[in-house]
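Here is the structure:
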């Protein structure tokens with residue numbers, strides 16, 4: 009059983025994380041200061057550190073410096089507010105495995121923890137030697153975690169998946185946030201001739217610009233400030249398998265050029281190296297942005313677009329496949345029952361009607377999170393309107409008014425939501441059915457300055 013040390017001075021938040029991670033099968037210890045964390049590290053030798061950036065006796069950088077001095081090789085994930093993102097990036101350069109913004113999204117945090125433990129990256133404090141990134145086998149994909157749906161749009165989508173999967177064609181997946189783009193990418197890989205090879209997923213929207221080339225192609229010791237050990241990039245880690253680039257439209261123009269060259273020549277060169285490495289990968293990309301419009305604006309290269317777009321798949325939004333709504337709702341209820349140890353039967357008639365009437369701006373992801381919360385809160389055998397959430401029950405007029413504008417572009421919908429709530433970003437994110445981090449990314453993507 010993996011051991012995690014939480015370093016957090018907010019005792020309530022720390023206890024909540026400890027309880028939640030314990031239910032996920034981890035052995036969890038906690039500390040509220042860096043000095044106490046050092047003692048816990050020596051006593052328990054945790055497999056991973058989860059630390060707030062700012063602590064009473066220092067910050068995450070101080071902890072990293074101590075690890076440098078003592079030779080501790082432990083993955084470290086930094087938790088930070090948006091105002092300290094740049095400091096978190098600096099921490100990554102010094103050896104932190106990753107960072108996550110507060111308020112913490114539990115599912116995102118769990119994925120980052122699993123990735124950090126799976127990759128088992130070398131800290132810059134470790135003795136210098138070449139480290140090969142671990143490959144993620146296709147067997148980690150579980151079809152039981154998702155269902156396809158029975159609607160006509162769903163049937164058409166997965167018939168196309170069945171056609172393109174056995175080929176080596178580059179696939180571009182278009183779809184709104186929360187529609188299940190990564191699941192479709194997994195399905196393509198799992199059904200391909202590369203199924204027994206690695207599947208490496210990269211969220212292009214979360215990679216700091218200055219670290220993107222290193223994430224893709226790797227680097228060698230001393231190639232830039234903070235490169236104190238060799239790093240194997242995703243292209244080499246995925247050799248023989250599939251790379252999935254989520255939100256590819258967020259890549260900077262310079263990285264687009266390097267990516268295009270790698271795809272054309274099937275060779276990469278780690279930063280600081282004079283040696284080229286041949287790679288054999290299949291590329292699957294995803295975006296919720298109109299890349300053709302991005303090309304017109306000069307934000308995306310047309311030649312790269314044609315390289316990644318040998319075959320396009322469009323994932324329908326939940327409002328486009330309404331006959332699947334109750335199918336997904338009951339599926340997520342079953343998953344939540346298993347995870348939370350409950351035995352709910354279903355939804356009462358009023359809640360069923362509300363689920364069908366709602367426009368689901370956050371799509372399948374929003375529904376999954378909402379039903380999991382409702383399952384936790386439910387006291388009887390059925391989920392009722394009391395548990396289903398205010399965005400569905402108490403805001404019918406706002407929902408209806410926004411639904412009337414469903415022909416708007418995503419940017420126009422965001423602007424409409426912001427205007428309706430007086431430019432309060434938290435309320436706008438709630439109205440749109442997305443989290444605040446996604447809204448901030450969208451504001452930056454569309455150049456909406458508030």
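In our numbering, the protein residues as written are 9 to 458. Think of the CB as a built atom: it goes at the ideal place given N, C-alpha and C, for glycine as much as any other residue.
Residues bridged to residue i (per DSSP)
i           : result
residue 285 : 276
residue 66  : 63
residue 197 : In the DSSP output, where bridge partners are listed per residue, residue 197 has none listed.
residue 107 : 86
residue 126 : DSSP lists no partner for residue 126.
residue 239 : 227
residue 322 : 182
residue 14  : 38, 58
residue 359 : Note: residue 359 sits in no beta bridge, so no partner.
residue 250 : 207, 290
Collapsed DSSP secondary structure at residue i in the structure displayed
i           : result
residue 449 : helix
residue 419 : helix
residue 7   : Nothing can be reported for residue 7: it is not among the residues displayed for the chain, which extend from 9 to 458.
residue 304 : helix
residue 258 : helix
residue 38  : strand
residue 293 : strand
residue 459 : Outside the displayed span of the chain (9 to 458) sits residue 459, for which this structure offers no information.
residue 354 : strand
residue 187 : coil
residue 425 : helix
residue 209 : strand
residue 316 : helix
residue 390 : strand
Nearest-angstrom beta carbon gap, residue j and residue i [assumed within contact, 8 Å]
i           : j           : result
residue 252 : residue 190 : 7 Å
residue 380 : residue 340 : 7 Å
residue 255 : residue 294 : 7 Å
residue 57  : residue 82  : 5 Å
residue 370 : residue 323 : So it is not a contact: roughly 14 Å between Cβ atoms.
residue 299 : residue 241 : Actually they are not in contact, since the Cβ atoms of residue 299 and residue 241 sit about 24 Å apart, beyond 8 Å.
Beta-carbon gap between residue i and residue j smaller than 9 Å
i           : j           : result
residue 117 : residue 85  : yes
residue 3   : residue 174 : Only positions 9 to 458 of the chain appear in the structure, and residue 3 is not among them; the question remains open.
residue 333 : residue 291 : no
residue 336 : residue 456 : no
residue 40  : residue 17  : yes
residue 186 : residue 444 : no
residue 285 : residue 228 : no
residue 38  : residue 14  : yes
residue 397 : residue 384 : no
residue 289 : residue 230 : no
residue 309 : residue 261 : yes
residue 159 : residue 389 : no
residue 183 : residue 296 : yes
residue 343 : residue 375 : no
residue 247 : residue 216 : no
residue 270 : residue 232 : no
Any chain C beta carbon closer than 9 Å to residue i
i           : result
residue 191 : The structure shown contains no chain C, having only a single protein chain.
Flag this pair as touching only if the stretch 259-268 and the stretch 292-305 have three or more C-beta atom pairs under 8 Å; answer yes or no.
no
Touching by the beta-carbon criterion (3+ pairs, under 8 Å), the stretch 160-179 and the stretch 316-327
Yes, they touch.
Does the structure place the stretch 425-433 close enough to the stretch 348-362 that three or more beta carbon pairs sit under 8 Å?
no
When the Cβ atoms of the stretch 63-81 are set against those of the stretch 19-29, are three or more pairs found closer than 8 Å?
no
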